[in-house]
Amino acid sequence: MALKQHKDERIRFDQQVDNSRKFVFPFIEQTKRLGTNTKVLEIGCGEGGVLLPFAEAGCYCVGVDLNPLRIDLANDFLKKEVSAGKMQFVFQNVYDESFLEKYKHFFDLIILKDAIEHIPEQEKFIPYLKNFLKNEGQIFFGFPPWYMPFGGHQQVCQNKVASILPYYHILPKPLYKGILQMFGEPKPVIDELLEIKDTQISIERFEKIVVNNGMKILAKQPYLINPIYKYKFGLKPRKQLPFINHIPYVRNFLTTCVYYMVS
Ligand SMILES: C[S@@+](CC[C@H](N)C(=O)[O-])C[C@H]1O[C@@H](n2cnc3c(N)ncnc32)[C@H](O)[C@@H]1O
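Positions in the sequence shown are counted from 1; adding 3 to them yields our numbering.
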């Protein structure tokens, strides 16, 4: 059963705005001053709602996404800010050379919220991000670790059981695909879920990539209950218990999302 925000773009946009205002913006503000003249890039911006609180704080915001429908929606929902020159939405792959030419060392902050787990070859992609940053620039990452109960994004499934069944995304690919087919999921949904299986990321692999590329973790907040689940499932957001955070590998199975600030 697809969730209502997968059907109603306006609901999804409003949830992005509210979640960003209450959780993402305050987390980023702990390490990065945000205000007039701060230049912010969101990669994988979708409908653009995450960026609205940043534009309201006076930042200049650019959102890039390779889904043209979502960029059209962003331009529509945020037309006031776009026509005032506070925001810009670009339909492009962040890997396109012309995007880099235009924005080389331009941004103070890059946001990747629920996006890094959709992008292949994170070992190349994470260091590539430095090209867009000014010297003192920082990057926000927020992602669900692969091994968490719904790390496969199976909530997008149309079949109710398939959408609420935890952990089966961890099974070997042919078995996972077979189960999705058995539940009658349409091919585009299966393809999307198998693609996410290929681009999966764990807490350990993410931190290894960051450290191996001379980047530094400035702040980290693991969640037992992802703040976005308030909208998706009506659950109260909860930070992860500190002792779980210290158990490598096991923590991935019990942590539904992690926020990081990286310099
Ligand atoms: C799950 S959505 C997240 C949307 C939004 N950031 C949020 O938190 O609601 C991930 C987005 O990343 C985009 N994306 C994936 N790879 C990309 C790439 N190489 N360049 C630009 N956008 C990309 C997808 O099109 C998708 O809209």
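All C-beta atoms, glycine included, are put in the ideal place defined by N, C-alpha and C. Just so you know, these numbers come straight off a predicted model, no measurement behind them.
- As the crow flies, the alpha-carbon of PHE57 is around 8 Å from that of GLY38.
- Where PHE94 is concerned, the enclosing beta strand (DSSP E) starts and stops at 90-94.
- In this structure LYS235 is in contact with GLN158, their Cβ atoms being roughly 7 Å apart against a cut-off of 8 Å.
- The residue from MET218, LEU221, LYS239, ILE220 with its alpha-carbon nearest to that of ILE228 is LYS239.
- Cβ atoms of GLU50 and GLU12 come within 8 Å of each other, at about 6 Å.
- Note on the region 177-243: whole beta strand (DSSP E) runs with a minimum of 3 residues are 220-228, in chain order.
- With respect to the 9 Å criterion, ASN162 and GLU188 are classified as neighbours on the basis of their beta carbons.
- CA-CA distance, LEU136 to ILE129, rounds to 12 Å.
- For LEU103, the enclosing alpha helix (DSSP H) covers residues 100-106.
- Taking the Cα of ALA118 as reference, the smallest distance to any Cα among LYS211, CYS64, TRP149, ALA165 is reached at TRP149.
- The beta carbon of ILE204 is closer than 8 Å to those of ILE119, GLU120, GLN125, PHE146, PRO148, TRP149 in its chain, skipping five residues each way along the sequence.
- The shortest CA-to-CA distance from GLN224 to any of PRO152, TYR262, ARG36, ASN255 is the one to TYR262.
- Taking the C-beta atoms as reference points, LYS180 is found no nearer than 9 Å to ILE199.
- In this structure, the straight-line span from the alpha carbon of VAL53 to that of PRO71 is close to 17 Å.
- Taking 8 Å as the cut-off, the C-beta of ASP117 counts as close to a heavy atom of ligand 1.
- Spatial neighbours of ASP17 in its own chain (CB-CB distance under 8 Å, excluding positions within 5 residues in sequence) are listed in chain order as GLY52.
- Going by C-alpha positions, LYS89 is about 19 Å away from GLU32.
- Taking C-beta atoms as the reference points, LEU132 and LYS35 fail to come closer than 9 Å.
- Residue range 63-68 is occupied by the beta strand (DSSP E) that includes TYR63.
- In the displayed model, VAL53 falls within a helix according to three-state DSSP.
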